Amino acid sequence: MFHNKRWICSYTDRNAVDSLAAEMGISPLIAAVLVNRGIKDAGQGMKYVNPDAQDLIDPFLLPDMEASVDRIMMALDKGERVCVYGDYDVDGITSVAVVVDTLRRLGIDADYYIPNRLDEGYGVNRQALEEIKAAGARLVITVDCGIVSFEEADYAGSIGLDMIITDHHQCHDKLPEAIGVVNPKRADSRYPYQDLAGVGVAYKLCKAVEKRAGIPLEIDKKLDIVALGTVADIVPLTGENRILVDQGLKRFKEELIPGIEALVKVSGLEGQDISTGHISFALAPRINAAGRLAEAHRAVELLTANDRERALELAEELDRENRKRQDIEADIYKQAVEMARDKMDDSVLVMASGDWHPGVIGIVASKITETLNKPSILFCIEGGEARGSGRSIPGLDLYALLADCKHLYTRFGGHKQAAGLSMAEENLEEFTREINRVGRTLLKEIDSRPLIQADGDITGYRLDIEEVRQLKMLEPFGYGNPTPVFIKRDMTVKNTRRVGNTGDHLKLVFADEGQAIEAIAFRWGEEDCPHTGERVEVAFTPQINIWREKEDIQFVVKDIRRTVQNIEFLNRCNNGMDMVAENENTGEKLDPKYFEGAKAIGVKNRNEFFVDVFSRSKGNILATNSFWAARELTTVLSMVDGTRVHFCALEEYDKDKNHLVLFPTSFTGADAFASGLYLCGPYVFPGQLRSISALNAQGKFIVMEDNGNSVEDELSELFPGREVIRLVYSLVGKGTGISKDRLLKGVLGSGVSAIAALRAVEVLNSLELLDIEGDTIKKAGHNGLKADLNTSTPYLRIKKFITLARESFNTIKNHPFKI
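Residue numbering for the sequence shown follows this note's numbering, starting at 6 and increasing by one per position.
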């Protein structure tokens, strides 16, 4: 495993996939992805691949929309000034731009207020309300904020300001006192879609105003701005968000408003088809830079500009701010990584400095967490106050973690994956100690490895260009609708080379059932490079690469891991076979009574069979003595969520998980077991059958695969005969020795299996012909191979295991189960 990522693969119902593919006239591959996205029939599927503005929901279904529009129309009739109050992130800035522009087109005297990130922080504040009142406004409309501004809403009323709150964040049990509180997440909301971004709610308000006014306000010409804010806020690209972003991306292909046109130009994207990726990594950061380092009003001015020359000036300013932000971010990141080196034993990385910019530490925390795979919290210290921003790993609720120390904070807020907090500088030491104490407990139950979520294992399936082209039907991609990822196993690395100006990327060629497939792995470290000739499993996204007017499929690699499992796995398999051999009595036959109550199942493909079992139910136990089955099932079933792998003993049974037990010698952990028990052939031993007889299983099954594979071929792969032992001994060489990893690379192509090579090392070590020091193998002082193999315990154990396995297979094959 090169990056130690956790792979989870979706396994969809084949009948559902075939049915959807036939109804929609699409590839089964695309149909499988749609089923994974929750699509159940062709009607849903057609709406998914053809997002239509006609399917947008009536804005007046949102709570308090009628009252809010009434108050806006009253402001128009009375000539009142209206102030739009927003947040300083991209969602807030785009929300302000959309509403201000709409109100001005309606004829309202509209202004806006965005608090300063450094001086005021997030949300509505009293001083801002006083300034808004002093400037002559009678109505305040919040966008992307305000849902928890209880005291501020009351204060606004006390000084003669009416307030309309539009927001998309979680509501508390009560709502602020306001003319209207427009939020799809309200408990009493009848609106059928909850996941709108702040700019999505703002757009809905504008559409409702346009509908009431009965005049065109060109709101749909701002869908590019709506898409910008929606993608940047990382809300699910499902339902209405999918329609809004799809329609917004289409706007990028038409005549752009001056601000968006200028933003595209300074981002170097002129003439390109703008995608959600361009928004996330090029356009949004430039808007965000305004609010992070300086004043967000320049970004609003850009998005509401009518003059193209002025818009370009503003866009260039934001571009410079973004470059400045990148430099500051890179400097902080470098310092934080250095600090983290001394904290890698901590469960939560807490780092602080008086030189860090508070507007950037959140971005750096995200990168630290992504790079080091640990939750991180970065603090900037100024004037005795520590202001922090934290990011979490999947599975760890950061908000709940931080809540345990809330007595130390002056301000605190956030959600499962991100949070912000402030405290007195003097509390940092206690905070670091306490948060790590709590973190250690919570992280014990979490698999914190980065997750690869795949849409399917397509080993043996040959992709064609048209299928890859059809994947574009599923756009726009983003949170909630990720770019499809697939897995292929048993591919051979044919070639690798470094590419890019600094050699950061890896170009590969894989051989897959006679087909040569080119691939690119971005930012792939030298130490993670697979070797020519290795058999690997690849998680990838397919794309079409055009070179000299020729189209070819190229894999964009997400992760690679070795098909022949890592050395630890192989050693544990060898140890498991030893323990089984030691546990079984030589000469004991399989008595037919051992099979009473068990059902025989013959399958063509054990992998598919057990994937189906593990996907449909939990609490099952699957046991096998076959190395080939162990190797394949560990790979395949570990990608089914909720699978635990055990060697020899079932250490702890969990009815909410499925359990794969390799080379079982004990089932004592399954006392409360009451689900299905599966023994996967081709061999099962008497002692194992006796140990499971007391288990109260819903069903006991002996599963045998009939796919033409030779049992003798498998057993031969395990055995280190004299030729294998000679080869291994010769590869070790003289002097400093050889690592186990290099030894296994040395036997590649020789016909010797990795597991037999490692067994040969054990045999030679037991005969005092090789020394093993950690990962290094050296020749011992003896000269030559003059030793009796039958005096080697590892040699005798594998011989016994193979003998038992052969006898077991022949017994099961002939009686009582015929294959």
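Ideal Cβ positions, reconstructed from N, Cα and C, are used throughout, including at glycine.
Bear in mind the structure is a predicted one, so any value in this text is a computation, not a measurement.
For P33, the secondary structure class from DSSP, reduced to helix, strand or coil, is helix. Under the rule that a run must span 3 or more residues, the beta strand (DSSP E) segments found entirely inside the stretch 582-642 read 603-608, 626-629. When beta bridges are read from the DSSP output, W552 appears opposite K555. With contacts defined by Cβ atoms closer than 8 Å, A603 and I707 form a contacting pair. 8 Å or more divides the Cβ of K623 from the Cβ of V543. By the CB criterion at 8 Å, A47 and T17 fall outside the cutoff. Between V365 and I398 the beta-carbon gap is near 21 Å, outside 8 Å, which marks them as no contact. L108 sits away from T171, with the two beta carbons spaced by 8 Å or more. About 55 Å separates the beta carbons of K83 and L456, which is beyond the 8 Å limit, so they are not a contact pair. When secondary structure is reduced to three states using DSSP, G681 falls in the strand class.
Proximity to P363 across E125, F614, R19 peaks at E125, based on C-alpha coordinates. The beta-carbon distance between A765 and P725, rounded to whole angstroms, is 4 Å. This is short enough to meet the 8 Å contact definition. In this structure, DSSP gives G483 an extended state, which the three-state scheme calls strand. Looking at the DSSP output, H664 bridges to I626, R649. Taken atom to atom, the span from the alpha-carbon of V153 to that of I606 is near 59 Å. For the options V342, A294, V353, the alpha carbon positioned closest to that of R328 is the one of A294.
One alpha carbon belongs to S32, the other to D347, and they sit about 51 Å apart. M29 and C685 have their C-alpha atoms spaced approximately 38 Å apart. The stretch 514-521 and the stretch 489-506 touch, with no fewer than 3 CB-CB distances between them shorter than 8 Å. Of all alpha-carbon atoms in N625, A524, R540, L694, the one lying nearest the alpha-carbon of N588 is that of L694.
Annotation: the continuous beta strand (DSSP E) that includes H510 extends over 510-517. Restricted to the stretch 453-499, the beta strand (DSSP E) segments that are unbroken, complete and at least 3 residues in length are 456-459, listed in chain order. If you compare the alpha carbons of I265, D193, S285, K258 with that of D278, the shortest gap goes to K258.
The beta-carbon separation of L261 and V269, rounded to 7 Å, stays under the 8 Å limit for a contact.
Classified as buried, S631 has 16 or more neighbouring CB atoms from the shown chains inside 10 Å of its CB.
Counting C-beta atoms within 10 angstroms of its own C-beta, N188 has 16 or more neighbours from the protein chains shown and is therefore classed as buried. Ranking N311, E314, A237, L288 by CA distance to the CA of E326 puts L288 first. Taking E322 as reference, the option from V271, D159, S280, I337 with the minimal CA-CA separation is V271. Shown here, F417 sits in a strand according to DSSP, grouped into three states. At a Cβ-Cβ threshold of 8 Å, L667 and I626 do not count as neighbours.
Straight across, the Cα-Cα distance linking E523 with F560 is about 6 Å. Counting C-beta pairs closer than 8 Å gives fewer than three between the stretch 308-323 and the stretch 341-360, which falls short of the contact rule. Beta-bridge partners assigned by DSSP to A357: F384. When the beta-carbon positions are compared, L166 and A142 come within less than 8 Å of each other. According to DSSP, residue pairing for I707 in a beta bridge involves A605, L684. Taking all protein chains in view, the Cβ of V504 is surrounded by fewer than 16 other Cβ atoms within 10 Å, so the residue is classified as exposed.
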